[in-house]
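I have placed the structure first, in the form of structure tokens, so that the comments after it can refer back to it.
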Amino acid sequence: DAGVIQSPRHEVTEMGQEVTLRCKPISGHNSLFWYRQTMMRGLELLIYFNNNVPIDDSGMPEDRFSAKMPNASFSTLKIQPSEPRDSAVYFCASSPSRDVVQEAPLHFGNGTRLTVT
Amino acid sequence: QKEVEQDPGPLSVPEGAIVSLNCTYSNSAFQYFMWYRQYSRKGPELLMYTYSSGNKEDGRFTAQVDKSSKYISLFIRDSQPSDSATYLCALTGANNLFFGTGTRLTVIP
């Protein structure tokens, strides 16, 4: 089991550019989550999918952010246009649970560290 | 008011010390209580979870939940340098999951 795989590990871009973050969940997990982590706000849930369908995107900060899950083994989080305040570590997590957590743990990837200058 | 409050630390202790990490919460609907450990430049990983009030022990780690006070704790006995990490509490109920901001722990050899 390779775990949740995220790419790239680091991304440095200029303000106004489009950024695409990628995630491959653990095979067989039917829920996928995108989180953003900053020192000030900690881990914030942006959006989660169940069986490739977006269930709750209320955490997506604004229209510049979009997420897709075209199939069970791939998801993307896109920021267009990017801004310096988007700088953070973005985590993808998957879970075998249908619901948000309950007793099934989230399995996190190692994150993408995004810096927008 | 945040759903979950956690002292960010940082916390430095000598090897062998007992460590106490704490979170408070405001919503009595929370049902599951978890602790995640996050090493530097890694994703969080589940360390322990509990459903009810009381204590749950796993090796050197004990998770404690006091629902009446809305207070959860993680105790680490005989702390080791390998325990140096950020510890995040996480609470869930009614299909929502909330993380604390994390406490950064350093165990000094």
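Read top to bottom, the protein sequences are chains A and B. Position one of the first sequence corresponds to residue 1 (my numbering), numbered consecutively onward. Position one of the second sequence corresponds to residue 1001 (my numbering), numbered consecutively onward. Heads up, the beta-carbon is just placed ideally off N, CA and C, and yes, glycines get one too.
Short of 7 Å in beta carbon distance, which residues of its chain neighbour residue i, apart from the five on each side in sequence? Order them along the chain.
{"i": "residue 1014/B", "result": "1108"}
{"i": "residue 36/A", "result": "44, 46, 88 and 90"}
{"i": "residue 83/A", "result": "15 and 116"}
{"i": "residue 1101/B", "result": "1006 and 1008"}
{"i": "residue 1060/B", "result": "1076, 1077 and 1078"}
{"i": "residue 1003/B", "result": "1025, 1026, 1027 and 1098"}
{"i": "residue 1096/B", "result": "none"}
With distances taken from CA atoms, which of the options is nearest residue i?
{"i": "residue 1110/B", "options": "1072/B, 1097/B, 1090/B and 1044/B", "result": "A query on residue 1110/B cannot be resolved here, the shown segment of chain B reaching from 1001 to 1109 and no further."}
{"i": "residue 1012/B", "options": "1097/B, 1083/B and 1099/B", "result": "1083/B"}
{"i": "residue 26/A", "options": "49/A, 34/A, 73/A and 54/A", "result": "73/A"}
{"i": "residue 60/A", "options": "50/A, 39/A and 33/A", "result": "33/A"}
By Cβ distance, which residues of its chain are closer than 6 Å to residue i, with the 5 residues on each side in sequence left out?
{"i": "residue 10/A", "result": "113"}
{"i": "residue 65/A", "result": "79"}
{"i": "residue 1104/B", "result": "1009, 1010 and 1086"}
{"i": "residue 7/A", "result": "22"}
{"i": "residue 1030/B", "result": "1091 and 1093"}
{"i": "residue 12/A", "result": "115"}
{"i": "residue 1039/B", "result": "1085"}
Starting from the C-beta of residue i, find all residues in its chain whose C-beta is less than 8 Å away, skip the five residues before and the five after it, and write them out in chain order.
{"i": "residue 71/A", "result": "52"}
{"i": "residue 29/A", "result": "94, 95, 96 and 107"}
{"i": "residue 1053/B", "result": "1065, 1066, 1067 and 1068"}
Handout entry: Inter-stretch contact at 8 Å, needing at least 3 Cβ pairs: the segment 12-23 of chain A / the segment 79-92 of chain A
Key = yes
Problem - Contact the segment 1085-1092 of chain B vs the segment 1015-1034 of chain B: 3+ CB pairs below 8 Å - result: yes
Exercise for the section: Determine which residues of the segment 1003-1027 of chain B have a Cβ less than 7 Å from any Cβ of chain A, and write them out in chain order. Expected result: none
Problem - alpha helix (DSSP H) runs contained entirely in the segment 22-50 of chain A, provided each spans 4 or more residues - result: none
Exercise for the section: Taking 8 Å as the threshold, find out whether the segment 1002-1012 of chain B comes into contact with the segment 1056-1069 of chain B through three or more Cβ pairs. Expected result: no
Handout entry: the segment 1084-1108 of chain B: positions lying closer than 8 Å to chain A by Cβ
Key = Taking 8 Å as the Cβ-Cβ cut-off against chain A, the residues of the segment 1084-1108 of chain B that qualify are 1088, 1090, 1092, 1095, 1096, 1097, 1099, 1100, 1101 and 1102.
Problem - Continuous beta strand (DSSP E) assignments of at least 3 residues falling wholly in the segment 1060-1106 of chain B - result: DSSP runs (the beta strand (DSSP E)) wholly in the segment 1060-1106 of chain B: 1061-1066, 1071-1076, 1085-1093 and 1096-1099.
Exercise for the section: Give the residues from the segment 1033-1051 of chain B that approach chain A closer than 9 Å (Cβ to any Cβ), ordered along the chain. Expected result: 1034, 1036, 1038, 1041, 1042, 1043, 1044, 1045, 1046, 1049 and 1051
Exercise for the section: Can you check the segment 59-110 of chain A for any beta strand (DSSP E) of at least 3 residues that lies completely inside it and give the ranges in chain order? Expected result: 65-71, 74-79 and 88-95
Problem - Start-end ranges of the alpha helix (DSSP H) lying completely within the segment 1028-1059 of chain B, minimum 4 residues - result: none
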